[in-house]
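This report concerns only the one structure given below.
2 protein chains.
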Amino acid sequence: MPRRTNGVGVQAEDAQICVVMVGLPARGKSYIAQKAQRYLRWLSIPARTFNVGNYRRNDAPQPTADFFDMNNAEGERKRRAAAEAAVADMLQWFKSGGVVGILDATNSTKERRQWVFETVSKEGIEVIFVESKCDNEDLIMGNIRDVKTTSPDYKGQDPDAAALDFRNRIRNYEKIYKSINEDGDEGDYTYLKIMDVGKQVIINRIQDYLQSRIVYYLINLHIRPRSVWLSRHGESMLNLEGRIGGDAALSYRGEEYARKLPDLVRQSVGDDRPLTVWTSTLKRTIATARHLPKHYNQLQWKALDELDAGVCDGLTYQEIKDQYPDDFAARDDDKYNYRYRGGESYRDVVIRLEPIIMELERSEDILIISHQAVIRCIYAYFMQKDQEDSPWLPVPLHTLIKLTPRAYGTDEEKTSANIKAVSTWRGKGSTAKHEDPVPEGGI
Amino acid sequence: MPRRTNGVGVQAEDAQICVVMVGLPARGKSYIAQKAQRYLRWLSIPARTFNVGNYRRNDAPQPTADFFDMNNAEGERKRRAAAEAAVADMLQWFKSGGVVGILDATNSTKERRQWVFETVSKEGIEVIFVESKCDNEDLIMGNIRDVKTTSPDYKGQDPDAAALDFRNRIRNYEKIYKSINEDGDEGDYTYLKIMDVGKQVIINRIQDYLQSRIVYYLINLHIRPRSVWLSRHGESMLNLEGRIGGDAALSYRGEEYARKLPDLVRQSVGDDRPLTVWTSTLKRTIATARHLPKHYNQLQWKALDELDAGVCDGLTYQEIKDQYPDDFAARDDDKYNYRYRGGESYRDVVIRLEPIIMELERSEDILIISHQAVIRCIYAYFMQKDQEDSPWLPVPLHTLIKLTPRAYGTDEEKTSANIKAVSTWRGKGSTAKHEDPVPEGGI
């Protein structure tokens, strides 16, 4: 029985990987873990992060720095117990079909790493260590300020006192910390060492495709502040008729949106920030972008074209239901996986968007002008939406969405152009041409 | 004016990169250079290799090992002159629009690297050093045997004497060789260091997307012996009618091919080698693969589906000419770039095949069962066919093609199943349903 690729050429059954984070506190380990988990899930690869700190907090909710002193036997015992509990849960999760488990902890000694490696690999699970090594004081201080003063460890405490204590905690870790293979005796491990946020990267003994995908994704991440703006094209002539797909021109109101978009963008982006604009290759996104300032770089991507509706291209939902009743029902039943005859599924769109996501991660400020299904998929990546929900998200016309990646998630800001447009959202089972979205659901 | 992306998100105008190879002789530098050039050209990025040895041979066609002794002033002068001539030509080529120039030489001293870096970067061209560092004796001996005894430097000489002399040449290089940043004073360079054929990789200060693409490609290469087999699906019902695209079942003769394919494959692959089979998601490739042994892993890729003919899907060429005469002419005029209305161009297909090529490079033996246009694109990658030629290559039905990558190119072997099938090749301007390919042209 042939198995379908999930788009990165990996069969979930073939490999189970434990990503073991390594590094001092405030080096962005949790950020990396969280990004990797989100990326893998978006690609339908079951991934889960096991944060040892969360386990430790059961036993020691708000420890002070001396809890992390290597001479504190009680602290050492509790921290060890937390690591054991996290690893035990992770192994359980692997048994139930997990593919990439991420152990988010400092794992800062050779002994700890050896213990993790042996415990995990004797269950037939591959281990890849991912170390973030960073001596950049600004960056560390930024991390301490932004993240750690909002950590549950310091909840309700004075931020300055918290930051001071946290620096002392780091000092205790520094006393025992060994960078991976620093002594040359960990060269048999598979590892990725990211130094000073990607200035230098060492990749050791990467073996298979899934490992390589994870590594390539992680070395493309950066942490410079930036935003991604998303907009659908202006209302099109086919939108007015309630027909899907096609390559129509903008409606009168769609043209109005195109003329207003430069102001909308300027207000959200600011005057001085350089912006790159990506459109699809279809008329309605190119027309929507055409009044934007000339100094914005513009690129057209075929990969940003709307989901291909195959034989249903250009039809209304009523026509689809009349002509292909089984397909109409099958799509409502599993919209993420349903592939139009001769066309695409949402899953297919995610696969072709993967290089776009990789390029987005590498880039600074980008404005994407694309289509309903494509925007849903990109939005789902940033906001970690489930596959059951993402194909039903309302993405109204004539609205600019600003997404700003943060340490533990993505901020969202929505600006309406206040130009009327039809709704192209459709509820399950409905064949209405234009229907108001159910209020819940996002975007 | 919006510029189209070439599919890797890079605008050719934005960056010019000089890839400077580093490493002792027989470390696979020329192999890496040649692969990178082929990959970049396939992605429409103007790339060219400048081999300093070729320049040196003008002056010193068949030097013995002592020519490469650091104390040989005459040899040193000539080798320096060759490097200067190669770099001068490369800079000239950059001025005429070159994007990635590859300087293929040992560049084994810090002084030489500094000279290249300064000479090239003062012209505004980015420099990335790519070092292959390898101490694996088997591998080096293999390289010496396979490649260097067939080098023009030793043409007409006894292979054993040539190998001996070549080893002495390497020894002379070893006396002065410094691995990049070995002393810690080359940390400002952008470099990729590949150790023991990828066992460990160091990536230093990679800056932009094109650099990152090159690096990712190079770290995915391997040199274990393997082959790639290509086959079109068996003859389909639409092939019989001379109609393009669609999702038809196999014809009677197409079924015969599917039944015979296991034997054909077994004879070419051998009994014991594990093989992975990739098909498209269309019926005719899946049906063609269905009698293959169960122990072969099978994967279906949407990215291997036939070029999407958009509104022309399911038509004959005569019908296309009648209904879309301008399109018919435009396609013949520039078949690589012509995009069917609502469909794809060959250029689009190459873009969606890029992840497939990356996965192929990482893999061992793979059999791909796909479609005429897709096979043309994959074949063009391995055989470095020009964009003007590749859309016209004959790829007969019921034929198994075996491609085996070698140090300086790709071996090709073609086996016919001896089962008759219509020809789907079409000459420029023709609307014939079935037409014999012009004999020249490849595959």
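Top to bottom, those sequences are chains A and B.
Residue numbering for the first sequence follows the numbering used here, starting at 69 and increasing by one per position.
Residue numbering for the second sequence follows the numbering used here, starting at 69 and increasing by one per position.
Using N, Cα and C, we set each Cβ at its ideal position, and we do this for glycine too.
Given residue i as reference, the closest of the options once Cα atoms are compared
{"i": "Ile388 (chain A)", "options": "A:Val88, A:Ala500, A:Tyr241, A:Phe197", "result": "A:Ala500"}
{"i": "Arg415 (chain B)", "options": "B:Asn307, B:Tyr449, B:Ser336", "result": "B:Tyr449"}
{"i": "Arg109 (chain B)", "options": "B:Ile282, B:Asp504, B:Glu480, B:Asp137", "result": "B:Ile282"}
{"i": "Gln335 (chain B)", "options": "B:Leu111, B:Ser484, B:Asp504, B:Asp157", "result": "B:Ser484"}
{"i": "Val184 (chain B)", "options": "B:Tyr99, B:Val90, B:Glu429, B:Ser98", "result": "B:Val90"}
{"i": "Gly192 (chain B)", "options": "B:Tyr123, B:Lys223, B:Leu159", "result": "B:Leu159"}
{"i": "Ser98 (chain A)", "options": "A:Ser164, A:Gly121, A:Ile113, A:Leu111", "result": "A:Gly121"}
{"i": "Arg125 (chain B)", "options": "B:Arg106, B:Arg147, B:Leu306", "result": "B:Arg147"}
{"i": "Phe162 (chain A)", "options": "A:Ala101, A:Tyr320, A:Glu142, A:Arg116", "result": "A:Arg116"}
{"i": "Leu350 (chain B)", "options": "B:Ser304, B:Gly96, B:Tyr285", "result": "B:Ser304"}
Closer than 8 Å to chain B by CB, residue i
{"i": "Tyr476 (chain A)", "result": "no"}
{"i": "Arg420 (chain A)", "result": "yes"}
{"i": "Tyr257 (chain A)", "result": "no"}
{"i": "Ile196 (chain A)", "result": "no"}
{"i": "Ile271 (chain A)", "result": "yes"}
{"i": "Glu81 (chain A)", "result": "Residue confidence for Glu81 (chain A) is low, a pLDDT of 47 falling below 50, so the modelled location carries little weight and cannot support an answer."}
{"i": "Asp331 (chain A)", "result": "no"}
{"i": "Ile208 (chain A)", "result": "no"}
{"i": "Asn288 (chain A)", "result": "yes"}
{"i": "Gly410 (chain A)", "result": "yes"}
{"i": "Lys370 (chain A)", "result": "yes"}
{"i": "Tyr284 (chain A)", "result": "yes"}
{"i": "Asp251 (chain A)", "result": "no"}
CB of residue i within 8 Å of CB of residue j, strictly
{"i": "Gln275 (chain A)", "j": "Gly166 (chain A)", "result": "no"}
{"i": "Ile196 (chain B)", "j": "Gln279 (chain B)", "result": "yes"}
{"i": "Asp127 (chain A)", "j": "Ala104 (chain A)", "result": "no"}
{"i": "Val417 (chain A)", "j": "Ala398 (chain A)", "result": "no"}
{"i": "Ile208 (chain A)", "j": "Ala94 (chain A)", "result": "yes"}
{"i": "Ile244 (chain A)", "j": "Tyr259 (chain A)", "result": "no"}
{"i": "Val168 (chain B)", "j": "Val88 (chain B)", "result": "no"}
{"i": "Leu421 (chain A)", "j": "Val296 (chain A)", "result": "no"}
{"i": "Leu329 (chain B)", "j": "Tyr447 (chain B)", "result": "no"}
{"i": "Val463 (chain A)", "j": "Arg494 (chain A)", "result": "no"}
{"i": "Val379 (chain A)", "j": "Gln366 (chain A)", "result": "no"}
{"i": "Met263 (chain A)", "j": "Lys201 (chain A)", "result": "yes"}
{"i": "Phe118 (chain A)", "j": "Asp82 (chain A)", "result": "no"}
{"i": "Leu232 (chain A)", "j": "Val333 (chain A)", "result": "no"}
Contact with chain A by residue i, beta-carbon distance below 8 Å
{"i": "Gly302 (chain B)", "result": "no"}
{"i": "Ser112 (chain B)", "result": "no"}
{"i": "Ser280 (chain B)", "result": "yes"}
{"i": "Arg430 (chain B)", "result": "yes"}
{"i": "Gln268 (chain B)", "result": "yes"}
{"i": "Asp394 (chain B)", "result": "no"}
{"i": "Glu481 (chain B)", "result": "no"}
{"i": "Thr492 (chain B)", "result": "no"}
{"i": "Arg71 (chain B)", "result": "In this prediction, Arg71 (chain B) scores a pLDDT of 44, lower than 50, which makes its location untrustworthy; no coordinate-derived value is stated."}
{"i": "Glu427 (chain B)", "result": "yes"}
{"i": "Gly77 (chain B)", "result": "With a pLDDT of 45 at Gly77 (chain B), under the threshold of 50, the modelled position of this residue cannot be trusted; read the value that follows with caution. Cβ-Cβ to chain A under 8 Å: yes for Gly77 (chain B)."}
Where residue i falls: helix, strand or coil (DSSP)
{"i": "Lys328 (chain B)", "result": "helix"}
{"i": "Gly495 (chain B)", "result": "coil"}
{"i": "Asn272 (chain B)", "result": "strand"}
{"i": "Ser319 (chain A)", "result": "coil"}
{"i": "Glu186 (chain B)", "result": "helix"}
{"i": "Ser336 (chain B)", "result": "helix"}
{"i": "Pro459 (chain A)", "result": "helix"}
{"i": "Arg430 (chain A)", "result": "helix"}
{"i": "Ser280 (chain A)", "result": "helix"}
{"i": "Leu306 (chain A)", "result": "helix"}
{"i": "Ile287 (chain B)", "result": "helix"}
{"i": "Ile487 (chain A)", "result": "coil"}
{"i": "Ile193 (chain A)", "result": "coil"}
{"i": "Arg292 (chain B)", "result": "coil"}
{"i": "Ile443 (chain A)", "result": "helix"}
- [ ] Run through the segment 75–122 of chain B for me and flag every whole alpha helix (DSSP H) of 4 or more residues, listed as ranges in chain order.
- [x] 97–110
Open item on the list: Extract the residue ranges of the alpha helix (DSSP H) inside the segment 199–261 of chain A, only unbroken runs of 4 or more that lie entirely within it.
Closed with: 205–214, 227–244
TODO: Output the residue ranges of the beta strand (DSSP E) runs that lie fully inside the segment 121–179 of chain B and measure 3 residues or longer, sorted by chain position.
DONE: 168–172
TODO: Mind listing, in chain order, the continuous alpha helix (DSSP H) runs of no fewer than 4 residues lying wholly within the segment 351–428 of chain B?
DONE: 351–357, 385–391, 393–401
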